[in-house]
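Novice: So the sequence shown is numbered by the working numbering: it starts at 21 and just counts up by one. Note that CB positions come from ideal geometry on N, CA and C, so glycine has one too. Computed from a predicted model, the values in this text were never measured in an experiment. So that we are looking at the same thing, I have put the structure below in structure tokens.
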Amino acid sequence: MEKYSGWQYYSKEHTTSGKTPTKKRRWAERASRVIGASSLTTFLHRAVAVMAFLCRSAASLLKPSRAAPVVLSAARLYSSGAQYEYILVEKRGAKSDVGFIQLNRPKALNALCDGLMREVGQALDVFEADTEVGAIVITGSERAFAAGADIKEMQNRTFQECYGGNFLAHWNRVSTVKKPVIAAVNGFALGGGCELAMMCDIIYAGEKAQFGQPEILLGTIPGAGGTQRLTRAVGKSLAMELVLTGDKINAEVARQSGLVSKVYPADQLVSEAVKCGEKIAANSKLVSAMAKEAVNAAYELTLAEGNRLEKRLFHATFATEDRKEGMTAFVEKRKANFQDN
21 MEKYSGWQYY
31 SKEHTTSGKT
41 PTKKRRWAER
51 ASRVIGASSL
61 TTFLHRAVAV
71 MAFLCRSAAS
81 LLKPSRAAPV
91 VLSAARLYSS
101 GAQYEYILVE
111 KRGAKSDVGF
121 IQLNRPKALN
131 ALCDGLMREV
141 GQALDVFEAD
151 TEVGAIVITG
161 SERAFAAGAD
171 IKEMQNRTFQ
181 ECYGGNFLAH
191 WNRVSTVKKP
201 VIAAVNGFAL
211 GGGCELAMMC
221 DIIYAGEKAQ
231 FGQPEILLGT
241 IPGAGGTQRL
251 TRAVGKSLAM
261 ELVLTGDKIN
271 AEVARQSGLV
281 SKVYPADQLV
291 SEAVKCGEKI
301 AANSKLVSAM
311 AKEAVNAAYE
321 LTLAEGNRLE
331 KRLFHATFAT
341 EDRKEGMTAF
351 VEKRKANFQD
361 N
């Protein structure tokens, strides 16, 4: 079989076929000058192969990894909080293991508009996915944790809009986070603000904090758990008084009634809440989530059912390396080194 250079191949083809030179022929002549005696077909195959390789390489570089969404979100989250309009977000603590969310609508006393609550949910999602974070603190300003829901935003809503759109349903995200959440409450925590604090697992209050459910004064009732969580926290009598009168209670009364666990001077409140978060984060994050589930179940189950759940979760800890490490460290009289597995 005869061998031809690129130009010779096309020259032979066109000569034997009786066809006149074409643009393809002229292109082949130019290519022949560049590649010399090598076969034009070989050149083309190699060119195609190189282009395919480059395309595959570019595609692999552009293809997002599974971790990319979380890494990107975390980077945006912890840089400056610029992607949020209504909240400030960062990580605090000596080991940066405490997620920190600060409500930031100072002119509206941190009124809880829909956008703010959606941003809180987004920040919680990122902290939930961050393996370094073991606890989360939510706070406001010294003047107001949150003075309530945004009344201007809901003033003209209709029943159909509220019922059809399940209004306020996404607020519940705070209560479904697996990691422990601490509310650091300074100033007003009224209406939705009080409800937001009660969705958290622990409430620390500043000395001048005030709690209340004043919705009755606006011709409505609490709609984000106020009648339910407040009753479970302080009992029927006080809860009924606050809901029916719209009155407020101060931090000390809130502590005595069981709504708040500790009261601190206003300027120490946030740092104390972060310290609590650091203590929690130092334990096994996996076991902390199990403990939180067990405690929350006490509000939903009978005593017998709750005890059964507790026992199952207790047994489940024996399948973890952290339980083994914790007990071994205790016997060996050293500090446990939990790995969250």
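1) Quick check: the segment 187–207 against the segment 150–158, are there 3 or more CB pairs under 8 Å?
2) In the DSSP assignment, what are the bridge partners of M107?
3) DSSP on K312, reduced to helix/strand/coil?
4) Taking its Cβ as the centre, do 16 or more other Cβ atoms sit within 10 Å of K305, making it buried, or is it exposed?
5) What's the gap between the Cα of R125 and the Cα of R163?
6) Taking the C-alpha atoms as reference points, what is the distance between C133 and V307?
7) In chain order, what residues of the same chain lie with their CB nearer than 7 Å to the CB of S100, ignoring the 5 residues before and after it?
8) Tell me, to the nearest whole angstrom, how far the beta carbon of K199 is from that of A318; I am working on the premise that it is less than 8 Å.
9) Would you check if the distance between the CB atom of F165 and the CB atom of G119 is smaller than 8 Å?
10) For Y183, list the residues DSSP reports as bridge partners.
11) Which term fits V315, buried or exposed, when burial requires 16 or more other beta carbons within 10 angstroms of its beta carbon?
12) Tell me the start and end of each unbroken beta strand (DSSP E) in the segment 153–212 that is at least 3 residues and wholly inside, in chain order.
13) Secondary structure at G297, three-state DSSP: helix, strand or coil?
14) Whole angstroms are fine: how far does the CA of D360 sit from the CA of E352?
15) What residue range does the beta strand (DSSP E) around N361 cover?
16) Going by other Cβ atoms of all chains shown within 10 Å of its Cβ, with 16 needed for buried, is C296 buried or exposed?
17) Would you kindly work out how many angstroms separate the C-alpha atoms of L250 and K355, rounded to a whole number?
18) Confirm, please, whether the CB-CB distance from G113 to A293 is below 8 Å.
19) Between D221, D117, G184, L136, which lies nearest to T196 when the distance is taken from Cα to Cα?
20) Give me the residue from G212, G185, E235, F187 with the minimum Cα distance to A169.
21) Taking buried to mean at least 16 other C-beta atoms within 10 Å of its own C-beta, is A189 buried or exposed?
22) Following the continuous alpha helix (DSSP H) through V273, name the residue where it begins and the one where it ends.
23) Mind checking whether V254 and G232 have CB atoms under 8 Å apart?
24) Using three-state DSSP, classify A318 as helix, strand or coil.
25) Is Y284 near Y224, with beta carbons less than 8 Å apart?
26) Rounded to whole angstroms, how far is the Cβ of V153 from the Cβ of K115, which I believe are closer than 8 Å?
27) Tell me the DSSP secondary structure of R343 in three-state form.
28) So, under 8 Å CB-CB, I171 and L238 are touching, yes? Tell me the CB distance rounded to an integer number of Å.
29) Which word fits L262, buried or exposed, when buried means at least 16 other C-beta atoms lie within 10 angstroms of its C-beta?
30) Going by DSSP, name the residue or residues bridged to Q230.
Specialist: Let me spell this out:
1) yes
2) It is worth fixing the name first, because residue 107 is Ile in this sequence and not Met. I107 is bridged to L123.
3) helix
4) buried
5) 11 Å
6) 34 Å
7) Caution applies to S100, whose pLDDT of 44 falls short of 50 and renders its modelled position unreliable; the value that the coordinates give is listed next. Hits under 7 Å: none found.
8) Not really, about 19 Å apart at Cβ, beyond 8 Å.
9) no
10) Beta-bridge analysis with DSSP links Y183 to no other residue.
11) V315 should be labelled exposed.
12) If only complete runs of 3 or more residues are kept, the segment 153–212 shows the beta strand (DSSP E) at 155–159, 164–166, 201–205, 208–210, in order along the chain.
13) If DSSP states are grouped into helix, strand and coil, G297 belongs with the helices.
14) Distance from the CA of E352 to the CA of D360, rounded to the nearest whole angstrom, comes to 20 Å.
15) Element bounds for N361: n/a, residue is neither H nor E.
16) buried
17) 38 Å
18) no
19) D221
20) Answer by Cα proximity: G212.
21) Classification for A189: exposed.
22) 271–277
23) no
24) A318 falls in the coil class under three-state DSSP.
25) Taking C-beta atoms as the reference points, Y284 and Y224 count as a pair closer than 8 Å.
26) Contact doesn't hold; Cβ gap of about 10 Å is too wide.
27) The answer is helix: DSSP assigns R343 an H, G or I state.
28) 7 Å
29) Answer is buried; the Cβ neighbour count reaches 16.
30) F208, N270
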